[in-house]
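Colleague: Line by line, the protein sequences give chains A and B.
Going by the working numbering, the first sequence opens with residue 1, and the numbers climb by one from there.
Going by the working numbering, the second sequence opens with residue 1, and the numbers climb by one from there.
The following block contains the structure, expressed as structure tokens.
Protein chains: 2
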Amino acid sequence: MVKVRKSKVEPPPNECPLASCMKFIRGTWTPHIIWYLKATPRRFSELKGDIKGISAKVLSTRLKELEEAGVVYREVMDTSPPTVEYSLTELGRELQPAIAAIVNVGMKLKKQKYACHTQAA
Amino acid sequence: MVKVRKSKVEPPPNECPLASCMKFIRGTWTPHIIWYLKATPRRFSELKGDIKGISAKVLSTRLKELEEAGVVYREVMDTSPPTVEYSLTELGRELQPAIAAIVNVGMKLKKQKYACHTQAA
DNA sequence: GAATCGGGTTACCATTTCGTAACCTGGTGA
DNA sequence: TCACCAGGTTACGAAATGGTAACCCGATTC
Numbered sequence: 001m002v003k004v005r006k007s008k009v010e011p012p013p014n015e016c017p018l019a020s021c022m023k024f025i026r027g028t029w030t031p032h033i034i035w036y037l038k039a040t041p042r043r044f045s046e047l048k049g050d051i052k053g054i055s056a057k058v059l060s061t062r063l064k065e066l067e068e069a070g071v072v073y074r075e076v077m078d079t080s081p082p083t084v085e086y087s088l089t090e091l092g093r094e095l096q097p098a099i100a101a102i103v104n105v106g107m108k109l110k111k112q113k114y115a116c117h118t119q120a121a
Numbered sequence: 001m002v003k004v005r006k007s008k009v010e011p012p013p014n015e016c017p018l019a020s021c022m023k024f025i026r027g028t029w030t031p032h033i034i035w036y037l038k039a040t041p042r043r044f045s046e047l048k049g050d051i052k053g054i055s056a057k058v059l060s061t062r063l064k065e066l067e068e069a070g071v072v073y074r075e076v077m078d079t080s081p082p083t084v085e086y087s088l089t090e091l092g093r094e095l096q097p098a099i100a101a102i103v104n105v106g107m108k109l110k111k112q113k114y115a116c117h118t119q120a121a
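Below, the structure is given as structure tokens:
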């Protein structure tokens, strides 16, 4: 009979911060969007070009969700044809460190030749 | 006519580190598993208890995938009934900073009363 | 001999996420 | 007049992810 040992890792405290943060950056594409809005506002077609492989449908859906969640701000510019600029809100900027950490780990894995061919083909 | 401006944000360099890292921590549950293996090896039923709300099916599936991806190590102990211990491999430990950053952001959001009620109900 | 336990597996189904491709709208420039 | 542009939307279908619940195995304990 083996006793169930108590975890030495505190649960990511009350109401799970992990889940709180993950719900903003879930899915394949959301982290990319937040990453590319890091420095300056970007237009729809600029983001579509920045993020290799994303479809207009997914980009449009995610941007709408992120706007509703208060992560990105959408501004229609008075140009012709009208252009739209997306930028990070304060909340969006709070998320940057998490994305940056993920990117850092990804770069480290690459250097070590983990990732992409050694792992998870 | 608006010119398409060049991005000032470098693309997360060659072959996307963001994607490289994200493929290890995708889904709702994977980050939780890695988090709870942080300190010591854990058994199946212990992890199931640690991670509130995860089903045996998903836990079993994710653990199998993580083992195959080289993130966790699975050891069958010679006890009766036999117990199984899961622990992080070196690769698994490389992922910790990313998870930790996500948890940190989650905690900060909670303190600021973002998240969970203000945002994304 | 029956119930219990750890560590799962299986079937079935719902939801989320993604991809492709076609289409729309209002203004502009040729 | 007509094609083009930005910034989308829509329809359709596939794959990934998740949930519930029932079941399985071998060893042990009652």
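Where a beta carbon is used, it is the ideal one built from N, C-alpha and C, also for glycine.
Quick check on this structure: which residue in A:F44, A:G70 and A:G49 has the alpha carbon closest to the alpha carbon of S60 (chain A)?
Modeller: With distances taken between CA atoms, S60 (chain A) lies nearest to A:F44 out of A:F44, A:G70 and A:G49.
Colleague: Which two residues bound the contiguous alpha helix (DSSP H) that contains L37 (chain A)?
Modeller: That residue, L37 (chain A), is in no alpha helix (DSSP H); it is neither H nor E in DSSP.
Colleague: Between which two residues does the beta strand (DSSP E) harbouring V72 (chain A) extend?
Modeller: V72 to M77
Colleague: What's the call for P17 (chain B), buried or exposed, on a 16-neighbour Cβ count within 10 Å?
Modeller: buried
Colleague: Does T118 (chain B) pass the burial test, meaning 16 or more other C-beta atoms within 10 Å, or should it be called exposed?
Modeller: Unreliable positioning characterises T118 (chain B) in this predicted model, as indicated by a pLDDT of 39, which lies under 50. The coordinate reading is nonetheless provided below. Burial call: exposed.
Colleague: So, is the C-beta of Y36 (chain A) closer than 8 Å to a C-beta in chain B?
Modeller: yes
Colleague: Please confirm whether I102 (chain A) has its beta-carbon closer than 8 Å to some beta-carbon of chain B.
Modeller: yes
Colleague: Any residues in the region 80 to 97 of chain A with a beta carbon nearer than 7 Å to a beta carbon of chain B? Which ones, in chain order?
Modeller: For the region 80 to 97 of chain A, which is checked against every Cβ of chain B, the residues closer than 7 Å are T83, L91, E94, L95 and P97.
Colleague: Ordered along the chain, which non-local residues of its own chain (more than five positions away) have a Cβ less than 8 Å from that of T79 (chain A)?
Modeller: none
Colleague: Could you check what DSSP says for R43 (chain B) in three-state terms: helix, strand or coil?
Modeller: strand
Colleague: Can you give the Cα-Cα distance for T38 (chain B) and K110 (chain A), rounded to whole angstroms?
Modeller: A small fix is needed here, since residue 38 (chain B) is Lys in this sequence, not Thr. Spanning the two alpha carbons is a distance of roughly 22 Å.
Colleague: So I102 (chain B) and C21 (chain A) are supposed to be a Cβ contact under 8 Å. How far apart are they, rounded?
Modeller: 5 Å
Colleague: Mind pulling the alpha helix (DSSP H) runs of 4 or more residues that sit fully within the region 50 to 102 of chain A?
Modeller: Runs found: 56 to 68.
Colleague: How many Å lie between E46 (chain A) and L95 (chain A) at the Cα?
Modeller: 21 Å
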